[in-house]
Amino acid sequence: MNNIKAAVFDIDGTLLPHGEAAPSQKTFAAIDALRKKGIKVIIATGRAQPSGELALGGMKADYYLYNNGALVLDENRKPIFESRMTPEEMYALVDFCEDYALPLNFAFSDATYVYEDYDRFRAMYGPYSSVSLLRNGEDQVRHLISMPFSACAILPADKIKEFEQKYGYLGLRFVSFHGNNCDIMRVGVNKAASLKQLLKIIGIEKENVAAFGDGSNDIELLSMSGVSIAMENGTDVLKKSADIIAPPCDEDGAAQIIEKYFL
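Under my numbering, think of the first position of the sequence shown as 1137, with each following residue one higher.
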């Protein structure tokens, strides 16, 4: 595997064990060693930028894909490209979630703003519910400054189906995680599509990429790599499609694979 020029990592359940505040020192060291070797490190997460940076705990990378690829930044946090929701897409979500009192938030550049049921999200986010990351946006005015990159809602499967029946022409994409929680992205926005675009910009071929993930929103990401690594704690469908199964995240599985195959 000496042909690897870039390594892509999800955060939660891949670099960061669930319930932990930051990746382990072993993981920090492995990521740093990759960069020193000249391998580009790319973070690809469903998190918004403020939340993602907190979760990384100061870990450095060469590129960052936030909001499932809706926002792509370089190592200096300068935007390379982005995709924001349209007013029509946003208003459809707001109207629908208000009608059924379903919790809804939107990820903006400065923070995540809750437009429906702030208390529910504040309780759910726990240590990440600080005002710098999660803000009460129930006055519904933040989008008048700029549009969001993506949304997150708590939607049962039957409500997703109902939304798609009513607003299917918008093409919004729902990716479930942790029960009824859903990331909501614009059509064509996903980690794999943004990674493909980034790789073209930086001149690296798919076969020269290793990708690490654990969740359903990583399936397409791993398909965009020459070497795909699924965490042992990942979903069964992801593990079935992976080339390598890494030890669990809470055992520094990503770091173990980096040390074994890429250093």
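In this text, a Cβ means the ideal position worked out from N, Cα and C, and glycines have one as well.
Proximity to Met1283 across Gln1301, Tyr1249, Glu1298 and Phe1257 peaks at Tyr1249, based on C-alpha coordinates. Straight-line measurement puts the Cα of Gly1174 at about 18 Å from the Cα of Ala1390.
By the CB criterion at 8 Å, Ile1179 and Phe1145 fall inside the cutoff.
For Leu1280, the closest alpha carbon among the candidates Ala1347, Ile1340, Met1221 and Gly1188 is that of Met1221. Judged by DSSP in its simplified three-state form, Lys1332 adopts helix. For Val1230, the uninterrupted alpha helix (DSSP H) run begins and ends at Pro1223 to Asp1235, by DSSP. Contact between the stretch 1344-1363 and the stretch 1183-1198 is absent: fewer than 3 CB-CB pairs across the two stretches fall below 8 Å.
In this model, Gln1276 and Met1226 are separated by some 11 Å (Cα to Cα). For Gly1349, the pairing in a beta bridge is given by DSSP as Ala1366. By the Cβ-count criterion, Asn1138 is exposed, with fewer than 16 other Cβ atoms from all chains shown falling within 10 Å of its own Cβ. Less than 8 Å separates the beta-carbon of Pro1159 from that of Leu1151. Listed in chain order, the non-local C-beta contacts of Gln1392 below 7 Å within the same chain comprise Ala1382 and Pro1383, local neighbours out to five positions each way being set aside. Cβ-Cβ distances below 7 Å link Arg1183 to Ile1147, Ala1191 and Tyr1202 in the same chain, with the five nearest sequence neighbours on each side left out; the list follows chain order.
Per DSSP, reduced to three states, the secondary structure at Ala1169 is helical.
Judged by DSSP in its simplified three-state form, Ser1312 adopts strand. Under DSSP, Tyr1202 forms a beta bridge with Leu1207. Contact between the stretch 1293-1310 and the stretch 1329-1337 is not established, with fewer than three Cβ pairs separated by less than 8 Å. Between Asn1344 and Ala1142, the beta carbon gap of about 7 Å places them in contact (Cβ cut-off 8 Å).
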